[in-house]
Every structure is written in C-alpha cells, then in structure tokens.
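In the order they appear, the protein sequences are chains G and C.
Going by our numbering, the first sequence opens with residue 1, and the numbers climb by one from there.
Going by our numbering, the second sequence opens with residue 214, and the numbers climb by one from there.
Using N, Cα and C, we set each Cβ at its ideal position, and we do this for glycine too.
The next block holds one structure in the form of structure tokens; read it before the comments.
Number of protein chains: 2
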Amino acid sequence: MEKIKVLIADDHQIMVDGLKAILAKDRSLDIVGTAGNGLEALEFLKKEPVDVLLLDLQMPVMDGLETTMHARKAFPDLKIIMLTTNDEGSIITSLFKAGATGYLLKNASKDYLIQGIKDAHEGKKVISSHLTEKMIESLTDHPKAKEGAIPMITKREIEVVKLIAQELTTQEIADQLFVSTNTVATHKRNLFVKMEVKNSVGMIKKAMDWGII
Amino acid sequence: MEKIKVLIADDHQIMVDGLKAILAKDRSLDIVGTAGNGLEALEFLKKEPVDVLLLDLQMPVMDGLETTMHARKAFPDLKIIMLTTNDEGSIITSLFKAGATGYLLKNASKDYLIQGIKDAHEGKKVISSHLTEKMIESLTDHPKAKEGAIPMITKREIEVVKLIAQELTTQEIADQLFVSTNTVATHKRNLFVKMEVKNSVGMIKKAMDWGII
DNA sequence: ATCAGACTCACACAATTGTGTGATGCGGCC
DNA sequence: GGCCGCATCACACAATTGTGTGAGTCTGAT
Numbered sequence: 001m002e003k004i005k006v007l008i009a010d011d012h013q014i015m016v017d018g019l020k021a022i023l024a025k026d027r028s029l030d031i032v033g034t035a036g037n038g039l040e041a042l043e044f045l046k047k048e049p050v051d052v053l054l055l056d057l058q059m060p061v062m063d064g065l066e067t068t069m070h071a072r073k074a075f076p077d078l079k080i081i082m083l084t085t086n087d088e089g090s091i092i093t094s095l096f097k098a099g100a101t102g103y104l105l106k107n108a109s110k111d112y113l114i115q116g117i118k119d120a121h122e123g124k125k126v127i128s129s130h131l132t133e134k135m136i137e138s139l140t141d142h143p144k145a146k147e148g149a150i151p152m153i154t155k156r157e158i159e160v161v162k163l164i165a166q167e168l169t170t171q172e173i174a175d176q177l178f179v180s181t182n183t184v185a186t187h188k189r190n191l192f193v194k195m196e197v198k199n200s201v202g203m204i205k206k207a208m209d210w211g212i213i
Numbered sequence: 214m215e216k217i218k219v220l221i222a223d224d225h226q227i228m229v230d231g232l233k234a235i236l237a238k239d240r241s242l243d244i245v246g247t248a249g250n251g252l253e254a255l256e257f258l259k260k261e262p263v264d265v266l267l268l269d270l271q272m273p274v275m276d277g278l279e280t281t282m283h284a285r286k287a288f289p290d291l292k293i294i295m296l297t298t299n300d301e302g303s304i305i306t307s308l309f310k311a312g313a314t315g316y317l318l319k320n321a322s323k324d325y326l327i328q329g330i331k332d333a334h335e336g337k338k339v340i341s342s343h344l345t346e347k348m349i350e351s352l353t354d355h356p357k358a359k360e361g362a363i364p365m366i367t368k369r370e371i372e373v374v375k376l377i378a379q380e381l382t383t384q385e386i387a388d389q390l391f392v393s394t395n396t397v398a399t400h401k402r403n404l405f406v407k408m409e410v411k412n413s414v415g416m417i418k419k420a421m422d423w424g425i426i
C-alpha cells in the first residue's frame, strides 16, 4: 500500500524530532519533510507531493492560520491538521473556515495523533474529542445559535490586536491605521465582547493562546 | 554502565511521547517515568530515584520554576534541565538561582538535548549555545554590569504579574494581597523597568513568553 | 554592625483606557 | 431593494493606569 506522505511544520526542533520519532514507527506513514514555519512548508509543498500537513498553529514568520489559507488555495487536495495547545472555541471555527481538515491538541496521545492523520487522509474531519464537546456546548448554550455561535473576529480587528500587542497606545494605533482614535476604541470595545475579556491584558493573553499573535 | 534515569515532565502528551521516542534510542538513557505537571513530578521523585529531571517551564498546576525550587530542596543531587521556548535573559538567572542545572530551548536539536542530559548528569551546567551569547552580550553591553546585569524579578512581583494576567485591577490585586494600591503600583512600576516593557500588555506578553504565567 | 535589596506606603497628577450611545457610508447577499 | 456586517467617527465621562518622588521597615549577607 502507498504510504501517507506527511510534512511536519513546527518551529521547535525538539517537537519536530519528537513527532518524527513517533510517526516513523508507523509503517503506513512516511515523513517526507519538515519545516520551521509556514513559509518553509509552502516552499516544500511546491517541490514535492504531500498528503497530510501537520501544522503548528503558533509559528513565527507565517502562522498556521495564514499558512492554511494559502496552502488550501494552491493545493486543494492537501489535508491539513492543526496542532495546538489551545482549546478555545473561536479560533477553531476560523480555522475550519480557512480550510483545516483537523484540529488536535498537543496533549493528545501519540496513538490519537497517528489515527488522526490516517482519518484525515481518508477525508474525515478530525477534532480532539474534548473539543467537540466544547463546540457542542457553545452551540447548545445559546439557543439562537445556529452555526455562527461565536462571533467572527474580523481582519481589521486582528490588525488592532497585533498593534496593541506591540504596546502601542490607542493614539499610536490610530495613526498607524490612518483612522481616528474613536475608531480604534470601537474596535477594542468589540474585541472585548467577542473575546470575552475585560481589558487589553486579557485580550493579549487570549490572542497569544489562540495563536493570533 | 549504569543508565541515566530520566524523568520527563511536560503537560503536552505529544511532547512527552516525542521526547520518550527520541531518548529511548539512546542506550545510556532510561526514561523511568513521565509527569503532566510539576506536582506529579515531585510525587514521582518521592517514590523512585531519578538522575535527571527534564522539566517544561510552562505547565499548569505547578510550573517549572516552582517545581525546581521544591525539587532542589528535597533532592539536592537531582539534576534539572529546563526545557522552554523562551530565549530571554531575565528568567534564566532566576532559574539558575532556583537551582536549575540546565536550560535548553525547544528548538534545540535532539542530539543537543541528549548531550545536554549527559552533561548535566556529570554535573556540568548546560545552556543552549545562542543563549550563552545573549548572556555574555548583556554583560558586555552594560559596562557597569558585573554579574547581576539583569535585575532579578522577585517572588512578590511574580505574584503581581500573575494577578494582572487574570485581568484584575490594581485595586483588586491590592485586596487580594492585603496591601495598598500604592504598593501594587510600585511593584508594577518596578516590573516595567525590569522587564523592559511600557505597560501591562507588554508585561503579560513577556511573562507568557518567559513562562512566568 | 552595616548595607543592599525586598516590601511596604503616601500623595499628587498626567495620560490612557474603557463605556455608553448614536450615527453614517459601503459592499455583499437573498 | 432592503438587510446586515464591517468599518468609520463623535462626544462625553468614569475608571484605571502610569509616573515622579520620597520614605519607612525588615531581613539576609558581608
């Protein structure tokens, strides 16, 4: 039988080595390459065929979300499994919208991971079990929620988050984006609600957890 | 020859599995156990002898710094290697003061890691190479610096950081710690300088990078 | 015994953040 | 053609944060 061609992208060499060691033990998997960030992963994809891309959400240069969007466009058949530490709902919906096939937590076991890769290769959606619960929860919690239970965070808002993370004041952000401070304040206000936090500190914490920054 | 008894503590199962797979290949190492947080690691240490403890800095329940301090007190001969993603100076000094033997970045290679464990077992201090550079840099940069180039962040200050991260106001933090708001403000002020940030947002970002929270 | 560092507090003031409310233009969708 | 989400802006006010400066205890190390 054909082996499943796997590409690993993670910025931590130890993680890459570890994943390689784990996956190498399975006869039906073939690790064809590794990458230290999303950009490298895309480069690799252009050169060699890959079945499943194992992608860390938090990476420098190009993060998982961005990589997913680009990769899906260029390689529609590629299956992408997100590997993260985060267990929040909001970002997951964004990821699936972007075209991710799976979403596994780093505290899943190696067996779960291997099974996930195989499932993804067969076209199944893969989600860490305790996450599915979370998603169902968030849907049943709010009666009105049909599918967009969690408000989507917009592109502009993400820009604002990133600038806040750079320790800029509202004034400085406004200058940078060529808008008024009022506008920035409104974005922040909306972000607080969407992200369910009380202030910028909470926002940045969550944003880091989510891999937005 | 006696094998080196290694205990792995990391909250991500995948990481544990990965490290196990990597280290298992080396004949001179023996992974005697694993733990999902610092507390579990300490429990294990009470029951079985361990030579080297591989410790993730960022963990729930009990983080690496706290674990190190406890472990050193109870098991003075134990070698502790910190495994982190962070490459900042300040926290390193704190860790060595607490009794860590080594400090490796997660983007070190597997060979480097294995060598590090062996070195640590022989009593050598182990630091990721590009970190030593950083430390030397920080010493030579500031002419006056003799050894304490980077100011130590105190226990109390870390408490404050953690509470800020929980989105508490200065007032709430003061209540929680039974001190005045002025005191909390002073701690924050000092933290900004020590951590070289402009505001709470920057502080929390850095604190997360450093694994303080 | 002395000294440095940690922890505490005060007071005053400037700067920023966060909130409440309301409103407009624009593009996509059914 | 109308509705909705996104992005924009205003204005006013309350709440918090950040800064400057000075100072008193207590403890551990030299």
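{"Asked": "Where residue 24 (chain G) falls, given that 16 or more other Cβ within 10 Å makes a residue buried", "Found": "exposed"}
{"Asked": "Beta-carbon gap between residue 252 (chain C) and residue 296 (chain C) smaller than 8 Å", "Found": "no"}
{"Asked": "Contact list for residue 322 (chain C) against chain G, beta-carbon separation under 7 Å", "Found": "13 and 17"}
{"Asked": "6 Å Cβ shell around residue 232 (chain C) - same chain, five flanking residues per side excluded", "Found": "221"}
{"Asked": "Beta-carbon proximity of residue 120 (chain G) to residue 102 (chain G), cut-off 8 Å", "Found": "yes"}
{"Asked": "Residue range of the beta strand (DSSP E) that includes residue 79 (chain G)", "Found": "79 to 84"}
{"Asked": "Chain-order list of residues whose beta-carbon lies under 6 Å from that of residue 400 (chain C) (same chain, five-residue window excluded)", "Found": "370 and 373"}
{"Asked": "Anticipated Cβ contact below 8 Å, residue 414 (chain C) with residue 164 (chain G), distance rounded", "Found": "6 Å"}
{"Asked": "Interfacial residues, the stretch 189 to 200 of chain G to chain C, with Cβ spacing under 8 Å", "Found": "197, 198, 199 and 200"}
{"Asked": "Host beta strand (DSSP E) of residue 56 (chain G) (start-end)", "Found": "52 to 56"}
{"Asked": "Proximity below 8 Å, CB of residue 421 (chain C) to CB of residue 47 (chain G)", "Found": "no"}
{"Asked": "Residue 250 (chain C) to residue 199 (chain G) span [Cα, whole Å]", "Found": "29 Å"}
{"Asked": "Residue 264 (chain C) versus residue 176 (chain G): straight-line alpha-carbon distance, rounded", "Found": "54 Å"}
{"Asked": "Exposure of residue 79 (chain G), with buried meaning 16 or more beta-carbon neighbours within 10 Å", "Found": "buried"}
{"Asked": "Where residue 193 (chain C) falls, given that 16 or more other Cβ within 10 Å makes a residue buried", "Found": "Residue 193 (chain C) cannot be examined here, being either before or after the span of chain C that is shown, 214 to 426."}
{"Asked": "Minimum C-alpha distance to residue 111 (chain G) - residue among C:317, C:386, C:381 and C:226", "Found": "C:226"}
{"Asked": "Beta-carbon gap between residue 45 (chain G) and residue 71 (chain G) smaller than 8 Å", "Found": "yes"}
{"Asked": "Reduced DSSP secondary structure (H/G/I, E/B, other) of residue 31 (chain G)", "Found": "strand"}
{"Asked": "Min CB distance residue 54 (chain G) to chain C below 8 Å", "Found": "no"}
{"Asked": "Residue closest to residue 2 (chain G), alpha-carbon to alpha-carbon, out of G:27, G:41 and G:33", "Found": "G:27"}
{"Asked": "First and last residue of the uninterrupted beta strand (DSSP E) at residue 219 (chain C)", "Found": "217 to 222"}
{"Asked": "Exposure label - residue 206 (chain C); buried when at least 16 CB within 10 Å", "Found": "As displayed, chain C neither begins before 214 nor continues past 426, which places residue 206 (chain C) out of reach and without an answer."}
{"Asked": "Chain G residues whose Cβ lies nearer than 9 Å to that of residue 319 (chain C)", "Found": "11, 12, 13, 14 and 15"}
{"Asked": "Alpha-carbon to alpha-carbon, residue 397 (chain C) and residue 4 (chain G)", "Found": "56 Å"}
{"Asked": "Interface flag, residue 174 (chain G) vs chain C, CB-CB below 8 Å", "Found": "no"}
{"Asked": "Residue environment, residue 408 (chain C), which counts as buried when at least 16 other CB atoms sit within 10 Å", "Found": "buried"}
{"Asked": "Any C-beta of chain G under 8 Å from that of residue 425 (chain C)", "Found": "no"}
{"Asked": "Helix, strand or coil at residue 339 (chain C) according to DSSP, with G and I counted as helix", "Found": "strand"}
{"Asked": "Minimum Cβ-Cβ distance from residue 220 (chain C) to chain G less than 8 Å", "Found": "no"}
{"Asked": "Limits of the alpha helix (DSSP H) - the one that residue 177 (chain G) falls within", "Found": "170 to 177"}
{"Asked": "Whole-angstrom distance between residue 170 (chain G) and residue 181 (chain G), CA atom to CA atom", "Found": "6 Å"}
{"Asked": "Test: residue 100 (chain G) CB closer than 8 Å to a CB of chain C", "Found": "no"}
{"Asked": "Alpha-carbon to alpha-carbon, residue 331 (chain C) and residue 219 (chain C)", "Found": "10 Å"}
{"Asked": "Short Cβ contact (8 Å threshold) for residue 109 (chain G) with residue 243 (chain C)", "Found": "no"}
{"Asked": "Three-way DSSP call (helix, strand, coil) for residue 202 (chain G) in this model", "Found": "helix"}
{"Asked": "Residues bridged to residue 318 (chain C) [DSSP beta-bridge criterion]", "Found": "C:297"}
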